[in-house]
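Residue numbers (the UniProt record's numbering): 1 to 279.
Ideal Cβ placement from N, Cα and C applies to all residues, glycine included.
Only a predicted model underlies this, so the values are computations on that prediction, with no experimental measurement involved.
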């Protein structure tokens, strides 16, 4: 067995163990599922409202966009926060000390975040299918958009997490992410926004994840409010695929560079500063 193969197998085993631990630890599980409870409550109160000019449920129109946003946040924000926290507490330093340890660590985190993101979005989707009317499921599209969306966003989350030595500073990345959510047609049709906003949103994966989810769950006639009055599957595949390739090329280089800067003294210094803030 080659060192790389051993690291991959160790990462997969670590990821499975972390998913199992999260599912059996009440506090950790609640941290993942709490946002889904909020979304379910919101959609419950939206179920009788209708999309303006139609008789279609506003809650049903919003559901796929929320799931797309959840996938994006899982890949971008959750992995970023985990990397920042475990960089501070020395977990990354211990992984660095093992041959190909960074590769195994990254694979483990990808498995953990992907698994828990899918679990969290399943908790949104399944009750909503019974609560909301008009959902038209295309399971094949749902699966490939979720899979490609995770591959497109997880490397970006790893890159973002490597930029913050202090997890308390990682909240800075939330501002641009929330800005992208606001202009990506998650809660309001993007075709009604200025053209420059439409162009900006289409550069990033959040818009395409929302569009892909809407194409998988909504009737075809609702594509009339989208850009080009189409679900644009080929464009979704192309943009998410491009982000996935770019992220997979850049993320390993950034993480290796970050790992080279890690040392016992830097971890101790960050830990001391954290203790000073607590006291």
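Residue nearest to residue i in terms of C-alpha spacing, selected from the options
i, options, result
"residue 38", "232, 127, 85, 160", "127"
"residue 180", "188, 193, 204, 32", "204"
"residue 154", "14, 244, 138", "244"
"residue 152", "91, 24, 11, 247", "247"
"residue 47", "129, 53, 112", "129"
"residue 42", "93, 63, 112, 241", "63"
"residue 174", "77, 12, 219, 11", "77"
"residue 238", "220, 209, 219", "209"
"residue 219", "54, 192, 92", "54"
"residue 281", "215, 88, 16", "Residue numbering for the chain in the displayed model covers 1 to 279; residue 281 lies beyond these limits and cannot be assessed."
Sub-8 Å separation of residue i and residue j beta-carbons
i, j, result
"residue 185", "residue 124", "no"
"residue 135", "residue 217", "yes"
"residue 116", "residue 19", "yes"
"residue 75", "residue 156", "yes"
"residue 72", "residue 149", "yes"
"residue 213", "residue 114", "no"
"residue 22", "residue 33", "no"
"residue 257", "residue 108", "no"
"residue 59", "residue 132", "yes"
"residue 118", "residue 146", "yes"
"residue 3", "residue 100", "yes"
8 Å Cβ shell around residue i - same chain, five flanking residues per side excluded
i, result
"residue 190", "183, 184, 197, 198, 201, 207, 226, 227"
"residue 211", "68, 185, 226, 231, 232, 236"
"residue 122", "none"
"residue 120", "32, 33, 35, 36, 70, 74"
"residue 229", "223"
"residue 12", "107, 108, 111"
Chain-order list of residues whose beta-carbon lies under 6 Å from that of residue i (same chain, five-residue window excluded)
i, result
"residue 61", "51"
"residue 259", "96, 102"
"residue 187", "none"
Neighbourhood of residue i by C-beta, 7 Å cutoff - its chain only, sequence neighbours within 5 removed
i, result
"residue 158", "79, 83, 106, 251, 255"
"residue 56", "50, 134, 222"
"residue 240", "148, 149, 152, 205, 208"
"residue 16", "111"
Cutoff 8 Å: residue i Cβ touching any chain C Cβ
i, result
"residue 89", "Absent from the structure: chain C. Only one protein chain is present."
Inter-stretch contact (C-beta, 8 Å, three-pair minimum) for the segment 98-108 and the segment 2-16 = yes
request  = May I ask you to verify whether the segment 149-163 touches the segment 243-251, counting CB pairs closer than 8 Å and requiring at least 3?
outcome  = yes
inquiry  = Ignoring anything shorter than 4 residues, give me the alpha helix (DSSP H) runs that lie fully in the segment 180-263, in order along the chain.
reply    = 195-201, 205-217, 233-261
Sequence ranges, alpha helix (DSSP H) only - wholly within the segment 135-171, length at least 4 = 139-162
request  = Quick one: which unbroken beta strand (DSSP E) runs of 3-plus residues sit fully inside the segment 18-64? Chain order, please.
outcome  = none
ask   = If you scan the segment 80-116 from start to end, which runs of the alpha helix (DSSP H) of 4 or more residues do you find wholly inside it?
value = 91-96
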